[in-house]
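Colleague: FYI, the numbering for the sequence shown is 1 to 557, going by full-length UniProt numbering.
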Amino acid sequence: MKLEHKNMNFKNYDFKRLLLITGLFSLFAILAVLPAFADGHMKLPFDGNVHLSRFESIYEALANRSIPSDINFIGFKGGSTAYNSLYPWITGLIFVLPRFIIQNRLHAIMLGYFAINMLAMINMYLLTRELTNKIILRFLGVLLYQLSAYHFMIMYARVAMGELFAYTFLPLVFTGLLKIYKKDKLGFVFLGLGMSLIFNSHILSTITTVLILIVIVFVRIIRRKFSLFELKQYCYALLISVPMSIYSLFNFVKVYFNNDIEPPYHLLQPINTSDMWQSILNNSIVGDAPIFNIGLIETILLVLLIIPAILTGYSSWKLWWYSAIGIFIGTLNWFPWESKTLIESPIGSIQFLGRLLTYVSLFLAVAIVLLFEENEKYTFTIDKLSIIIIPLLLVSMSASYSHEHKMDYPANTYMHSNKNFEYALKYGEAGLDYPLRLDKATKKIPLKKFDVDDAKQTYNNITIHIKSMKTKKVRLNIPIYRGVNYTVKINGKTKSVASGKNLIVTLRQGKNVVSVTSNPTKIQYVLLMTSVISIILATVCSFLLIFKGRAFRIKEI
1 MKLEHKNMNF KNYDFKRLLL ITGLFSLFAI LAVLPAFADG HMKLPFDGNV
51 HLSRFESIYE ALANRSIPSD INFIGFKGGS TAYNSLYPWI TGLIFVLPRF
101 IIQNRLHAIM LGYFAINMLA MINMYLLTRE LTNKIILRFL GVLLYQLSAY
151 HFMIMYARVA MGELFAYTFL PLVFTGLLKI YKKDKLGFVF LGLGMSLIFN
201 SHILSTITTV LILIVIVFVR IIRRKFSLFE LKQYCYALLI SVPMSIYSLF
251 NFVKVYFNND IEPPYHLLQP INTSDMWQSI LNNSIVGDAP IFNIGLIETI
301 LLVLLIIPAI LTGYSSWKLW WYSAIGIFIG TLNWFPWESK TLIESPIGSI
351 QFLGRLLTYV SLFLAVAIVL LFEENEKYTF TIDKLSIIII PLLLVSMSAS
401 YSHEHKMDYP ANTYMHSNKN FEYALKYGEA GLDYPLRLDK ATKKIPLKKF
451 DVDDAKQTYN NITIHIKSMK TKKVRLNIPI YRGVNYTVKI NGKTKSVASG
501 KNLIVTLRQG KNVVSVTSNP TKIQYVLLMT SVISIILATV CSFLLIFKGR
551 AFRIKEI
């Protein structure tokens, strides 16, 4: 396989049009960010505290010319679990790197949000280029996906960064699929890049996307459309995704499969239909799982498409709509999702069925674009685009502003200044995922709690000052994972400790200082460099493919 560069004549490209598209995307990205920060603060919910701690750990490591260790020592009230290994962080650099150019953390986060919105629109635009040559329809698809209420919900109501990154990169996966269906020999580049970026963001979204791709392949086999060419393309995509994902994969496998880890809780909470409609009518993006939604306008569009679906003959847009409406209905509480059997099965890992609305938003946008593309009697003009997009934009901006403006949830932290961020890092509510299961012998050892005020947390170390009434053996709520390099010091002396269980130390009477340090290994440096370089190369390759040949000229956009 060779990447051909013939017809690479950049003089043929209309860069004024490219500049116009970039300007419009920038405008919509700004409008997606400003209302949420109009009051000069950021509302940080439970998940937001988790990601704030993760990003701070990454930033401090890079600022000290290191890479993050396996362990998150910052935040989590000193819990020091292996978030950096078990929750991929590479795409989180979108929010970390602005810290190096902007001192104000709130402004740095705003810049990160601007970047992630730009990327979401660019990736969706690449997908729409596979659907139509009409720029008006391409903008329709991009903005339907960008302005989905669920997009704003994961951005601001939940601050679920892993899912947000997956939402951003998912269009790349389907861009690759459509290219493969068109017999494009380099379609696997987009598929492999998209899947690896999702894997480097959120493992659960990766699993969900893979399952959906398996269903798609199964359907194509039934319809006798699957070919040896497709199989080869999937293999190539898998092959190139390995170096792009190798760092995150190595860290996850090393920690997860070498330890008896308590996985995140299982749950299958569906969307409550009546509560969802109430939330939609209130234009609310509160991040409660039973009321996840895609917003009033897109929900109406999703339902109204049943009319052309009945009135028209076979068309490919219907397959996308069937997928969107099918997944949407499947997320509702019309089915016995909360049965114990289902919850305890691997499916229970999804926790909230509303998470599938990412795919509903994407499939709906594609279906609407194809509806107008494939049916000449349904003409689409800029007036119709305005009728859909302007209300959608206003509703989305209003929802994000209203959510951030309301001081309605006591667990939220309201971030105004760097001082607020420091407070949230130290005292913010954040769950302690991925703890080690305690065996009977460990449980018998008394737990010694410590206050975060008595601890110093850095990117690679936690140092705790503890007082003890007498000399005794205790366990601390700090897991010591197998496969991770630790240096443990008790009162200045290095001690060997058992791995695969929580830290057990012997305290002397009086004051004690317990220090736990973990640094990355050389192999992690090599693997991270491999992943980053591979992602950059695949991105550059994708860029070259976009501008290669007549079919990809900007003047035809």
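All residues carry an ideal CB built from backbone N, CA and C; glycine is no exception.
As the structure is a computational prediction, the values presented were derived from the model and not from experiment.
Take the Cβ of MET529 as the centre, count every other Cβ of all protein chains shown within 10 Å, and call the residue buried at 16 or more, exposed below.
Modeller: exposed
Colleague: Assuming ARG482 and ASN258 are in contact, meaning their beta carbons sit under 8 Å apart, how far apart are those beta carbons, in whole angstroms?
Modeller: 4 Å
Colleague: Which term fits PHE95, buried or exposed, when burial requires 16 or more other beta carbons within 10 angstroms of its beta carbon?
Modeller: PHE95 comes out buried.
Colleague: Near LYS6, which residues of its chain fall below 7 Å by C-beta distance, leaving aside the five closest residues on each side in sequence?
Modeller: For LYS6, the predicted model reports a pLDDT of 45, less than 50, meaning its position is unreliable and no value from the coordinates is stated.
Colleague: Among GLY492, LYS443, ARG475 and VAL497, whose alpha-carbon lies nearest the alpha-carbon of THR463?
Modeller: GLY492
Colleague: Since THR517 and TYR486 are thought to touch, with beta carbons under 8 Å apart, how far apart are those beta carbons, to the nearest angstrom?
Modeller: 7 Å
Colleague: Between LEU385 and TRP320, which are expected to be in contact by the criterion C-beta below 8 Å, what is the C-beta distance as a whole number of angstroms?
Modeller: About 19 Å separates the two Cβ atoms, so there is no contact after all.
Colleague: I'd like to check one pair, LEU527 with TYR247: are the Cβ atoms closer than 9 Å?
Modeller: Their beta carbons are under 9 Å apart, which means TYR247 touches LEU527 by this criterion.
Colleague: Can you tell me whether SER496 is buried or exposed, with buried defined as 16 or more other CB within 10 angstroms of its CB?
Modeller: exposed
Colleague: DSSP on HIS405, reduced to helix/strand/coil?
Modeller: helix
Colleague: Quick check on the DSSP output: the beta strand (DSSP E) that includes SER515 runs from which residue to which?
Modeller: 510–517
Colleague: Could you name the residues that DSSP lists as bridge partners for ASN461?
Modeller: BP columns for ASN461 point to THR458 and THR517.
Colleague: Helix, strand or coil: how does DSSP classify LEU436 here?
Modeller: Three-state DSSP puts LEU436 in a strand.
Colleague: What's the C-alpha gap between TYR525 and VAL366?
Modeller: 40 Å
Colleague: If the criterion is Cβ atoms closer than 9 Å, does the pair MET124 and GLN146 meet it?
Modeller: yes
Colleague: Please report the distance separating the alpha-carbon of SER284 from that of VAL395.
Modeller: Looking at the two C-alpha atoms, the distance is approximately 10 Å.
Colleague: Measuring alpha carbon to alpha carbon, tell me which of ARG105, ILE546 and SER66 ends up nearest PHE37.
Modeller: ARG105
Colleague: What is the rounded straight-line gap between the Cα of ALA237 and the Cα of ALA455?
Modeller: 46 Å
Colleague: How would you call HIS202, buried or exposed, if buried means at least 16 neighbouring beta carbons within 10 angstroms?
Modeller: By the neighbour-count rule (16 or more Cβ atoms within 10 Å), HIS202 is buried.
Colleague: Could you tell me the alpha carbon to alpha carbon distance between THR381 and THR175, rounded to whole angstroms?
Modeller: 25 Å
Colleague: Write down the C-beta distance between ILE180 and PHE169 rounded to the nearest angstrom, noting that I regard them as a contact closer than 8 Å.
Modeller: ILE180 to PHE169, Cβ: 17 Å. No contact.
Colleague: Closest to ILE387 by C-alpha separation, out of GLU298, VAL255, ASN375 and VAL452, would be which residue?
Modeller: GLU298
Colleague: Give me the Cα-Cα distance between ALA160 and ASP184, rounded to the nearest whole angstrom.
Modeller: Whole-angstrom Cα-Cα distance: 34 Å.
Colleague: From the DSSP output, in three-state form, read off LYS318 for me.
Modeller: Three-state result, LYS318: helix.
Colleague: List the whole-angstrom C-beta distance separating SER205 from GLY162, where the pair is believed to meet the contact cut-off of C-beta under 8 Å.
Modeller: Indeed, because the Cβ distance is near 7 Å, the residues count as touching under 8 Å.
Colleague: Measure the Cβ-Cβ separation of ILE294 and GLN278 and say whether it is below 9 Å.
Modeller: no
Colleague: Whose CA, out of ALA115, ILE136, ILE21 and THR81, lies closest to the CA of THR379?
Modeller: ILE136
Colleague: What residue range is occupied by the uninterrupted beta strand (DSSP E) comprising ASN502?
Modeller: In the DSSP assignment, ASN502 falls within the unbroken beta strand (DSSP E) covering 501–507.
Colleague: Helix, strand or coil for TYR486 per DSSP?
Modeller: coil
Colleague: Which residues share a DSSP beta bridge with PRO479?
Modeller: PRO479 pairs with ASN502.
Colleague: Restricting to Cα atoms, I'd like to know which of ARG65, VAL50, LEU503 and ALA424 is closest to ASN72.
Modeller: VAL50
Colleague: Using a Cβ-Cβ distance cut-off of 9 Å, determine whether LEU34 contacts chain C.
Modeller: In the structure shown, chain C does not exist; there is a single protein chain.
Colleague: CB-CB under 6 Å to PRO98, same chain, minus the five flanking residues each way: which ones, in chain order?
Modeller: ALA108, LEU111 and GLY112
Colleague: Cβ atoms of ILE389 and TRP317: under 9 Å apart, would you say?
Modeller: no
Colleague: Identify whether LYS449 lies in helix, strand or coil by the three-state DSSP scheme.
Modeller: Here LYS449 sits in coil by DSSP.
Colleague: To the nearest angstrom, report how far apart ASP453 and ASP47 are at their CA atoms.
Modeller: 22 Å
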